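All remarks here apply to the structure that follows.
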Amino acid sequence: MANSLFASSVGLPDATTPTEGQPTGDIGNQVGLLPRQRIVALTRRKIVLAKAEIEPNQLQPASLDLRLGNKAYRVRASFLPGRHKTVQEQLAHLSSDEIDLEDRTVLEKGSVYIVELQEHLKLLPSITVSANPKSSTGRLDIFTRLIADNSEIFDYVEAGYEGPLYAEISPRTFPIRVRTGSRLNQIRFRRRNPSQHEYTEFRLSDKELRERHKTRALVDGDANIRNGLRLSVDLSPEVPDGIVGYRGQRHTDVIDVDAVAAYNTEDYWEPMKRRSGGELILDPNQFYVLASKEKVHIPPDLAAEMVPIDHMMGEFRVHYAGFFDPGFGYTEHGHPGSRAVLEVRSHEVPVHLVDGQIIGRLVYETVAEKPDKLYGQSLGSNYQGQGLKLSKHFR
Numbered sequence: 004m005a006n007s008l009f010a011s012s013v014g015l016p017d018a019t020t021p022t023e024g025q026p027t028g029d030i031g032n033q034v035g036l037l038p039r040q041r042i043v044a045l046t047r048r049k050i051v052l053a054k055a056e057i058e059p060n061q062l063q064p065a066s067l068d069l070r071l072g073n074k075a076y077r078v079r080a081s082f083l084p085g086r087h088k089t090v091q092e093q094l095a096h097l098s099s100d101e102i103d104l105e106d107r108t109v110l111e112k113g114s115v116y117i118v119e120l121q122e123h124l125k126l127l128p129s130i131t132v133s134a135n136p137k138s139s140t141g142r143l144d145i146f147t148r149l150i151a152d153n154s155e156i157f158d159y160v161e162a163g164y165e166g167p168l169y170a171e172i173s174p175r176t177f178p179i180r181v182r183t184g185s186r187l188n189q190i191r192f193r194r195r196n197p198s199q200h201e202y203t204e205f206r207l208s209d210k211e212l213r214e215r216h217k218t219r220a221l222v223d224g225d226a227n228i229r230n231g232l233r234l235s236v237d238l239s240p241e242v243p244d245g246i247v248g249y250r251g252q253r254h255t256d257v258i259d260v261d262a263v264a265a266y267n268t269e270d271y272w273e274p275m276k277r278r279s280g281g282e283l284i285l286d287p288n289q290f291y292v293l294a295s296k297e298k299v300h301i302p303p304d305l306a307a308e309m310v311p312i313d314h315m316m317g318e319f320r321v322h323y324a325g326f327f328d329p330g331f332g333y334t335e336h337g338h339p340g341s342r343a344v345l346e347v348r349s350h351e352v353p354v355h356l357v358d359g360q361i362i363g364r365l366v367y368e369t370v371a372e373k374p375d376k377l378y379g380q381s382l383g384s385n386y387q388g389q390g391l392k393l394s395k396h397f398r
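Just so we're aligned, residue 4 is where the sequence shown starts under our numbering, counting upward by one.
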């Protein structure tokens with residue numbers, strides 16, 4: 004019980020102690036993305052609840068990891084419940100198999116599964132929730148989305164919602180092994196003031212980003228800012244070992260999502276060598292892991308998100324797990340220190356990329372307060388200081 008976020012008389016361990024001077028259940032009054040210490044307060048106030056006690060290592064600088072529950076349902080197709088139905092009501096029509104997750108279970112690629120999560124919500128009228136796959140989930144090409152009851156959109160929960168949460172899971176490249184407690188996606192909490200609309204835009208403007216870059220660099224070198232910070236793909240001759248990316252193999256063994264450094268890269272990935280002209284052709288419906296030329300820094304008072312689809316840049320989807328926590332890429336001297344790893348899948352046609360081509364853009368938003376711990380500070384941050392890097396599952 005000493006590690007429980009719901010413990011009150013015994014106090015919290017260091018990993019979950021609120022900032023000094025802040026009452027344990029105080030969620031603050033600042034507008035914006037709620038930081039780690041305020042998410043602790045949400046659990047104390049029973050705004051976030053769970054069937055099993057929330058673990059300290061679920062807490063990230065500005066997000067909360069979600070855990071799979073006991074049962075998965077294999078369904079014929081992806082769905083949304085709609086304004087007047089629950090997920091369970093839709094499952095009664097669409098599910099074909101009920102799967103016990105108490106023991107480890109294989110989810111096959113190409114199939115769609117619905118899993119009720121251990122966490123559920125009792126939101127205030129001023130707080131909304133959005134979701135993303137975790138970085139490791141995106142790098143395994145596991146298509147994961149959050150669903151709430153009576154919802155008409157994925158990955159968003161309206162203010163005032165009270166009820167369960169579900170994950171839609173569809174492995175696209177590799178079959179995966181999961182179990183109760185596995186973590187594939189995460190949620191973020193935004194607080195708005197009474198005068199703001201439900202769908203208020205919290206993103207920083209291009210003007211604000213340019214001013215930020217002048218005072219503290221958001222990327223190494225010049226910042227290409229247009230509707231956010233634009234990032235380019237690294238296909239240059241200087242990449243280590245001449246490898247500019249990896250392409251997922253079509254026929255592989257199962258990957259356990261909870262295993263770390265357990266698999267040989269060559270058994271699952273085909274390395275993509277640079278060509279003399281600094282180019283790469285993406286085959287349709289193939290999954291690639293690439294890296295940005297730019298090194299990125301997310302300041303402590305900001306968070307960022309990669310826009311997954313931008314048809315002005317090409318017919319592909321980039322960065323399935325698009326959330327960047329405060330402190331990502333932070334270095335002791337303040338210089339940007341981590342490249343953005345890009346999970347890319349082309350759509351209906353082959354896509355020709357060249358070195359330095361714009362491939363994605365980051366949009367930034369303000370964190371209500373500086374998190375008590377930043378990304379890379381004893382939170383199990385696997386990708387701080389990264390270059391081209393596969394998920395933590397590979398040696």
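Just so you know, even glycine gets a beta-carbon here, dropped at the ideal spot from N, CA and C.
In this text the structure is predicted, and so the values were computed from the model without any measurement.
Report the CB separation of residue i from residue j in whole angstroms; it is logged as a contact under 8 Å.
i      : j      : result
TYR2   : ILE156 : With the chain covering 4 to 398 only, the question about residue 2 has no answer from this structure.
VAL160 : VAL132 : 4 Å
ILE30  : ALA53  : Actually they do not touch by this definition, with Cβ atoms about 17 Å apart.
LEU110 : PRO178 : 7 Å
VAL90  : ASP152 : 6 Å
Considering only their Cβ atoms, is the gap separating residue j from residue i smaller than 8 Å?
i      : j      : result
GLY72  : GLN40  : no
VAL236 : LYS296 : yes
TYR266 : ARG142 : no
ARG182 : ASP106 : yes
ASP244 : ARG180 : no
PRO167 : GLU119 : yes
ILE361 : GLY332 : no
GLY231 : ARG364 : yes
LYS392 : VAL344 : yes
ASP144 : THR176 : yes
LEU124 : TYR164 : yes
LYS298 : SER239 : no
PRO339 : LEU207 : no
LYS74  : LEU37  : no
ARG251 : PHE290 : Note that residue 251 corresponds to Gly in the displayed sequence, not to Arg. Result yes, Cβ atoms of GLY251 and PHE290 sit closer than 8 Å.
ALA294 : GLY390 : yes
GLY330 : GLY280 : no
SER154 : LEU94  : no
VAL292 : GLU241 : no
Assign residue i to one of two classes, buried (16 or more other C-beta atoms within 10 Å of its C-beta) or exposed (fewer than that).
i      : result
LYS137 : buried
GLU171 : buried
LYS49  : exposed
PRO26  : Annotation note: pLDDT 47 at PRO26 (below 50); position unreliable, coordinate value reported separately. It counts as exposed.
GLY35  : buried
THR218 : exposed
SER139 : buried
LYS376 : buried
PRO16  : Its pLDDT being 37, under 50, PRO16 is placed unreliably in this model, and the value from its coordinates should be taken loosely. When all chains shown are included, PRO16 counts as exposed.
ARG233 : buried
THR147 : buried
ARG229 : exposed
GLY24  : Unreliable positioning characterises GLY24 in this predicted model, as indicated by a pLDDT of 45, which lies under 50. A coordinate reading is not provided.
ILE246 : exposed
Mapping the DSSP letters down to three states, classify residue i as helix, strand or coil.
i      : result
LEU94  : helix
ASN196 : coil
GLY24  : In this prediction, GLY24 has a pLDDT of 45, which is less than 50 and means its spatial position is unreliable; what the coordinates show is noted afterwards. Coil.
THR140 : helix
GLY245 : helix
ILE228 : strand
PHE362 : Inspection of the sequence shows that residue 362 is occupied by Ile rather than by Phe. Three-state DSSP puts ILE362 in a strand.
LYS217 : helix
VAL34  : coil
PRO353 : coil
VAL260 : coil
PRO174 : strand
ARG398 : coil
ALA307 : strand
ASP209 : helix
PRO240 : coil
THR89  : coil
ARG186 : coil
ALA55  : coil
LYS392 : coil
GLN61  : helix
GLN121 : strand
ALA44  : helix
ASP270 : helix
ARG250 : strand
ARG191 : strand
ARG39  : helix
If you measure from the CB of residue i, is any heavy atom of the ligand COA nearer than 7 Å?
i      : result
ASP209 : No copy of the ligand COA occurs in the structure displayed, which carries no ligand at all.
*asked:* Using a Cβ distance threshold of 8 Å, determine whether the stretch 365-382 contacts the stretch 272-281, with at least three qualifying pairs required.
replied: no
*the stretch 281-293 / the stretch 200-220 touching (three or more Cβ pairs under 8 Å)*: The stretch 281-293 is not in contact with the stretch 200-220.
*Segment contact flag, the stretch 56-73 with the stretch 178-194, C-beta cutoff 8 Å, min 3 pairs*: In this structure the stretch 56-73 touches the stretch 178-194; the number of beta carbon pairs closer than 8 Å is three or more.
_Does the stretch 326-333 come into contact with the stretch 295-309, if we say contact requires no fewer than three beta-carbon pairs (one atom in each stretch) closer than 8 Å?_
yes
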